[in-house]
């Protein structure tokens with residue numbers, strides 16, 4: 009006979025409902041936060057043409073955004089690990105709305121950098137991977153963690169996909185300034201979704217297993233694999249930030265119509281839904297470090313083929329589908345690898361430090377894209393750099409020691 013399901017009011021049923029609510033809320037918030045960032049390349053030409061700025065000026069603002077995001081992420085992680093993720097996510101949503109309003113009103117490059125760079129950089133530290141994945145990692149049991157992180161990432165991918173046509177429609181209807189104001193209002197309306205992400209850092213951990221935050225950070229910084237994760241994440245940030253920001257302009261320079269840029273970003277976002285979910289799911293069965301090596305190697309191959317083959321609509325769409333499938337699969341795998349080795353007590357803090365490497369790469373990808381184009385009139389050198397970094401990232405992930413850390417007294421890092 010089948011086992012009767014738990015009554016709706018039972019603790020097990022309430023816990024299951026809470027987990028699903030956290031995954032859905034986290035996925036939606038992360039999807040719109042990353043979706044707005046994903047379509048910033050669509051704003052490059054309207055903003056620079058309207059304001060009379062260079063592509064390097066726009067690229068600098070987004071480069072500052074990536075660097076700010078990376079610098080603030082460890083601090084946001086520390087706050088989340090001490091006071092809970094919900095407060096960090098709420099603050100991130102408020103900063104996101106403020107940053108979009110400042111961008112829309114900016115008439116000088118410094119003000120635009122303040123909005124697009126500083127405010128939204130801070131906002132992403134509270135609304136993207138670090139805070140959301142940290143909350144879900146603590147709310148879900150270890151045996152379901154890979155699935156939950158992959159599902160939240162897939163929901164976020166749907167949000168990114170939906171944002172591409174939505175942003176294009178808003179820019180066409182209200183110009184780029186009106187589109188930014190509409191997006192600001194959207195982020196403010198997401199505040200009620202913070203409630204299901206109220207985790208309890210340290211809850212359920214025996215006092216004997218607890219580590220201080222400073223000890224946990226020192227432990228991680230003394231682990232060779234932690235540094236290899238940082239180095240590999242530099243490549244990830246470089247590739248994604250460069251493509252998301254400069255691909256639309258690159259396609260226009262090569263003679264393709266604007267619709268192709270929109271289609272490419274939409275395909276990337278849609279394929280990312282499947283890729284993020286599947287890589288998160290596979291991380292529960294295959295060693296994550298090997299999956300990361302394969303993922304980076306496939307990315308390098310996809311970029312190399314895209315640059316070497318003649319550019320057509322078909323080659324663009326194939327590239328977008330391949331890159332989209334490999335787009336954010338690194339995130340649940342990297343987050344899961346950190347929790348696997350160091351435990352989840354300070355997962356948001358430790359992921360924040362690893363993510364700083366990602367954002368250093370993002371800074372270089374966005375800024376160098378604009379700088380190299382202005383200097384040479386071509387993106388070719390940056391594409392080649394993205395290929396080389398992909399190969400390097402594949403190599404450095406393979407030897408990572410992914411065993412749970414053994415602490416003094418023979419204790420393993422608690423899952």
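Residue numbers (the numbering used here): 9 to 423.
Note that beta-carbon positions come from the ideal geometry of N, C-alpha and C, so glycine has one too.
Comparing C-alpha positions only, which one of the options sits nearest to residue i?
{"i": "residue 144", "options": "83, 272, 35 and 130", "result": "35"}
{"i": "residue 353", "options": "85, 31, 338 and 45", "result": "85"}
{"i": "residue 283", "options": "38, 90, 46 and 162", "result": "162"}
{"i": "residue 243", "options": "272, 335, 195 and 50", "result": "335"}
{"i": "residue 320", "options": "351, 272 and 307", "result": "272"}
{"i": "residue 193", "options": "285, 102 and 360", "result": "102"}
{"i": "residue 281", "options": "236, 295 and 329", "result": "329"}
{"i": "residue 309", "options": "297, 322, 326 and 296", "result": "326"}
{"i": "residue 184", "options": "332, 406, 306 and 47", "result": "47"}
{"i": "residue 91", "options": "387, 386, 382 and 357", "result": "357"}
{"i": "residue 412", "options": "234, 56 and 396", "result": "234"}
{"i": "residue 105", "options": "187, 78 and 54", "result": "187"}
{"i": "residue 54", "options": "195, 266, 153 and 396", "result": "266"}
{"i": "residue 349", "options": "355, 382 and 410", "result": "410"}
{"i": "residue 346", "options": "227, 115 and 206", "result": "227"}
{"i": "residue 270", "options": "174, 196, 339 and 223", "result": "174"}
{"i": "residue 355", "options": "146, 383 and 259", "result": "146"}
{"i": "residue 24", "options": "260, 258, 382 and 152", "result": "152"}
{"i": "residue 224", "options": "351, 52, 383 and 197", "result": "351"}
{"i": "residue 39", "options": "195, 260 and 258", "result": "195"}
{"i": "residue 339", "options": "56, 238 and 115", "result": "238"}
{"i": "residue 52", "options": "78, 258 and 79", "result": "258"}
{"i": "residue 114", "options": "78, 56, 79 and 150", "result": "56"}
{"i": "residue 385", "options": "397, 262 and 197", "result": "262"}
Would you say residue i and residue j are within 7 Å of each other, going by their C-beta atoms?
{"i": "residue 127", "j": "residue 99", "result": "no"}
{"i": "residue 189", "j": "residue 112", "result": "yes"}
{"i": "residue 313", "j": "residue 341", "result": "no"}
{"i": "residue 401", "j": "residue 304", "result": "yes"}
{"i": "residue 380", "j": "residue 390", "result": "yes"}
{"i": "residue 311", "j": "residue 394", "result": "yes"}
{"i": "residue 37", "j": "residue 159", "result": "no"}
{"i": "residue 164", "j": "residue 42", "result": "yes"}
{"i": "residue 96", "j": "residue 87", "result": "yes"}
{"i": "residue 110", "j": "residue 123", "result": "yes"}
{"i": "residue 118", "j": "residue 65", "result": "no"}
{"i": "residue 81", "j": "residue 371", "result": "no"}
{"i": "residue 377", "j": "residue 254", "result": "yes"}
{"i": "residue 148", "j": "residue 44", "result": "no"}
{"i": "residue 301", "j": "residue 406", "result": "yes"}
{"i": "residue 229", "j": "residue 279", "result": "no"}
{"i": "residue 316", "j": "residue 323", "result": "no"}
{"i": "residue 337", "j": "residue 154", "result": "no"}
{"i": "residue 245", "j": "residue 404", "result": "no"}
{"i": "residue 206", "j": "residue 94", "result": "yes"}
{"i": "residue 191", "j": "residue 33", "result": "no"}
Tell me, to the nearest whole angstrom, how far the beta carbon of residue i is from that of residue j; I am working on the premise that it is less than 8 Å.
{"i": "residue 374", "j": "residue 125", "result": "Actually they do not touch by this definition, with Cβ atoms about 10 Å apart."}
{"i": "residue 359", "j": "residue 141", "result": "7 Å"}
{"i": "residue 236", "j": "residue 408", "result": "5 Å"}
{"i": "residue 256", "j": "residue 50", "result": "6 Å"}
{"i": "residue 3", "j": "residue 29", "result": "With the chain covering 9 to 423 only, the question about residue 3 has no answer from this structure."}
{"i": "residue 221", "j": "residue 388", "result": "With a Cβ gap of about 45 Å, residue 221 and residue 388 do not count as contacting."}
{"i": "residue 307", "j": "residue 331", "result": "7 Å"}
Continuous alpha helix (DSSP H) assignments of at least 4 residues falling wholly in the stretch 226–296:
232–261 and 266–290
I want to know whether the stretch 123–140 touches the stretch 172–183 - three or more CB-CB distances under 8 Å.
no
Quick check: the stretch 65–84 against the stretch 156–176, are at least 3 beta-carbon pairs closer than 8 Å?
no
Alpha helix (DSSP H) segments (min. 4 residues) lying fully within the stretch 28–67
48–59
Is the number of C-beta pairs between the stretch 243–262 and the stretch 361–376 that are closer than 8 Å three or more?
Output reads yes: the stretch 361–376 touches the stretch 243–262.
4 or more residues per run - each alpha helix (DSSP H) lying fully within the stretch 111–141:
117–120 and 128–135
On the three-pair Cβ rule with 8 Å, is the stretch 58–67 touching the stretch 280–297?
The answer is no - the stretch 280–297 does not touch the stretch 58–67, with fewer than three Cβ pairs under 8 Å.
Counting only runs that start and end within the stretch 348–419, where is the alpha helix (DSSP H) found for 4 or more residues in a row?
Unbroken alpha helix (DSSP H) runs of no fewer than 4 residues, entirely contained in the stretch 348–419, are found at 355–384 and 388–405, following chain order.
Entirely within the stretch 75–117 and at least 4 residues each: give me those alpha helix (DSSP H) ranges in chain order.
93–113
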